[in-house]
Each structure stands twice: as C-alpha cells, then as structure tokens.
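In what follows, a structure is listed as structure tokens, so that the remarks can point back to it.
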Ligand SMILES: [Zn+2]
Ligand SMILES: [Zn+2]
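Numbering (the working numbering), first residue to last: 75 to 338.
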C-alpha cells in the first residue's frame with residue numbers, strides 16, 4: 075500500500091499543469107459525490123432526529139454556488155500542488171507514527187482555530203454581506219449546503235489551509251487524515267439530523283467535539299457556535315450557546331432547533 079502512495083506522489087511531483095488541473099477537478103468532484111452519498115445515507119438513517127426543518131426544495135442558486143465552490147476548491151488544490159512542486163510547501167515523507175499523530179494534531183487544531191477566527195470575522199457587519207451571508211441564506215441545511223458558499227468564503231478557507239501548509243511541513247499521511255476529518259465534520263454540521271446517540275451529551279468528550287446540532291444552532295443563532303470541529307474556542311472565547319446541551323437533547327427528542335432558539 076505505501077508503494078502505491080509513493081508512486082502516486084512521484085507522479086504528482088512531476089505532473090504537468092494540465093494533469094494537475096485534471097486531477098484536482100476529479101478529486102474535488104469525487105469528494106462532492108462521496109459527501110452527497112454519505113449525507114443521503116445519514117439523513118435517511120437518522121431522519122427521526124431532525125435538528126432543523128426539512129430543507130426547501132433544491133434551488134438552482136444552491137446548485138450553481140456548490141458547483142463554483144467545487145471548482146474553487148480545485149483551484150486551491152492546484153495551487154497547493156504547484157506550491158509543493160516549487161518547494162514552497164514542504165511535505166514530510168519518511169516519518170514515524172508519532173510524527174503522523176503530532177502533525178495530524180497540529181493541522182487539526184491550527185485549522186480549527188484559524189477557521190473559528192475567520193468565521194467570527196466573517197460575521198462582522200461590514201464583511202458579513204460580502205463573505206458569509208450566502209451560506210446563511212440556507213438555514214435548514216442539506217449535505218450540499220456544505221458547499222453552498224460565497225466564492226470569497228471558499229477562497230478564504232483555502233488560503234488559510236495553504237498558508238498553514240507553507241508554515242508547517244506536515245506528514246503526507248496527516249494531510250490526508252486532516253482533509254478526511256475536515257469533510258466528515260463539514261458533512262455532519264450540515265446534515266439537518268443528529269446522528270449522535272442521546273448518551274453522547276453525557277460523555278466528557280462531548281464538551282469539546284462538535285455535532286450536527288452544534289452547527290445547526292449557529293445557523294439560527296448567529297451570535298454563538300462559530301467553531302467547526304471542536305467547541306474549544308467557543309468555550310474559551312465565551313461564544314458557546316448557553317442552550318447547546320438542551321438543544322442537542324431536544325433535537326434527539328425530535329424538537330427542532332428553530333422551535334427552541336430564542337434569538338432571531
Ligand atoms: Zn456563520
Ligand atoms: Zn453552515
């Protein structure tokens with residue numbers, strides 16, 4: 075298996091631009107399809123635990139925004155590969171298991187913090203209409219909503235990610251693990267149903283790991299829950315919704331968040 079990855083990275087290292095573009099578009103389209111298939115499965119499986127109203131019928135605006143997001147993510151991927159080929163992004167190849175764990179930890183928490191800050195900045199009244207209002211037009215999410223972003227927002231997240239890779243040379247395994255986790259958390263946040271069991275909220279780790287109800291709450295209460303993967307930064311900067319635990323439980327009991335949230 076490692077040989078296969080070695081061959082893949084060797085090929086990517088020498089790949090001409092046209093090949094990099096084709097590969098990046100393909101990769102991002104495959105991610106979209108996997109997210110939609112997994113999302114559809116989870117929405118059906120946990121349909122009795124809706125956290126929001128069912129979404130409105132799919133509009134062409136959502137389709138076009140999602141298509142532009144996938145293409146822009148491909149542009150970010152192309153930029154990443156070109157920066158790597160140019161030696162500006164460095165990737166560790168000969169690494170220990172400890173290094174992989176350490177790099178995964180660093181990528182995960184650095185991006186979680188950077189995205190928390192970016193998200194809070196995007197909610198400043200001057201910037202909100204330019205960057206982030208588009209995403210908040212779709213408050214009853216479906217898995218596709220993960221990709222329904224203003225192009226500036228997509229590029230903003232992409233630039234944060236590339237900057238981190240320029241600053242920190244991570245193990246290739248960690249990059250793949252992080253990108254997978256990023257997709258999983260993004261999908262969970264936009265399911266519109268809560269797959270975690272009732273007992274989740276009583277576990278100590280539920281204080282730190284985000285859920286579908288956590289991000290759904292943000293869609294209805296824009297003053298709280300700016301985090302993506304963890305609740306750490308919301309706890310630290312006092313932006314965690316005081317209703318989070320009761321909203322999680324209500325969602326599990328089939329009471330949807332729009333009915334429980336006091337704020338507009
Ligand atoms: Zn927001
Ligand atoms: Zn969202």
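Beta carbons are placed, not taken as given, at the ideal position from N, Cα and C, and that holds for glycine. Note that the coordinates shown come from a computational prediction; the quantities given were computed from them, not determined experimentally.
Item to check | Distance CB(residue 318)-CB(residue 298) smaller than 9 Å | outcome: Locating residue 318 in the chain shown gives position 244, where the first residue counts as 1. Locating residue 298 in the chain shown gives position 224, where the first residue counts as 1. Yes, Cβ-Cβ distance for residue 318 and residue 298 is below 9 Å.
Checklist entry - Exposed or buried, which one is residue 336 when buried takes at least 16 other CB atoms within 10 Å? => result As a first step, residue 336 is located in the chain shown; it is residue number 262 there, counting from the start. With a pLDDT of 48 at residue 336, under the threshold of 50, the modelled position of that residue is not reliable, and the figure given next carries that caveat. When all chains shown are included, residue 336 counts as exposed.
Item to check | Neighbour-count burial assignment, residue 310, 16 or more Cβ in a 10 Å radius | outcome: Residue mapping note: residue 310 aligns to position 236 of the chain shown, counting from 1. Exposed, by the Cβ-count rule.
Item to check | residue 148 in three-state terms, based on DSSP | outcome: As a working note, residue 148 is residue 74 in the chain shown. Correct three-state label for residue 148: helix.
Checklist entry - How many angstroms separate the CA atom of residue 247 from the CA atom of residue 321? => result Counting from 1 along the chain shown, the entry for residue 247 is found at position 173. Counting from 1 along the chain shown, the entry for residue 321 is found at position 247. Distance between the alpha carbons of residue 247 and residue 321 is about 36 Å.
Item to check | residue 287 beta carbon near ligand 1 (any heavy atom closer than 8 Å) | outcome: Taking the first residue of the chain shown as 1, we reach residue 287 at position 213. No.
Next on the checklist: For residue 266, tell me which candidate among 117, 168, 92 has the shortest Cα-Cα distance.
Outcome noted: Residue 266 sits at position 192 when you count from the first residue of the chain shown. Considering only alpha carbons, the answer is 117.
Next on the checklist: Distance check for residue 177 and residue 122, CA to CA, integer angstroms please.
Outcome noted: The residue labelled residue 122 in the question sits at position 48 within the chain shown. The residue labelled residue 177 in the question sits at position 103 within the chain shown. Going by the C-alpha atoms only, they are around 38 Å apart.
Next on the checklist: Tell me the rounded alpha-carbon separation between residue 237 and residue 185.
Outcome noted: Here residue 237 corresponds to residue number 163 of the chain shown, with the count starting at 1. Here residue 185 corresponds to residue number 111 of the chain shown, with the count starting at 1. Cα to Cα, the separation comes out at about 10 Å.
Next on the checklist: Suppose only complete runs of 4+ residues qualify. What are the alpha helix (DSSP H) ranges in the stretch 190-237, listed by chain order?
Outcome noted: 202-205, 207-210
Next on the checklist: If you reduce the DSSP assignment to three classes, tell me which class residue 171 lands in.
Outcome noted: By 1-based counting over the chain shown, the position of residue 171 is 97. Helix at residue 171.
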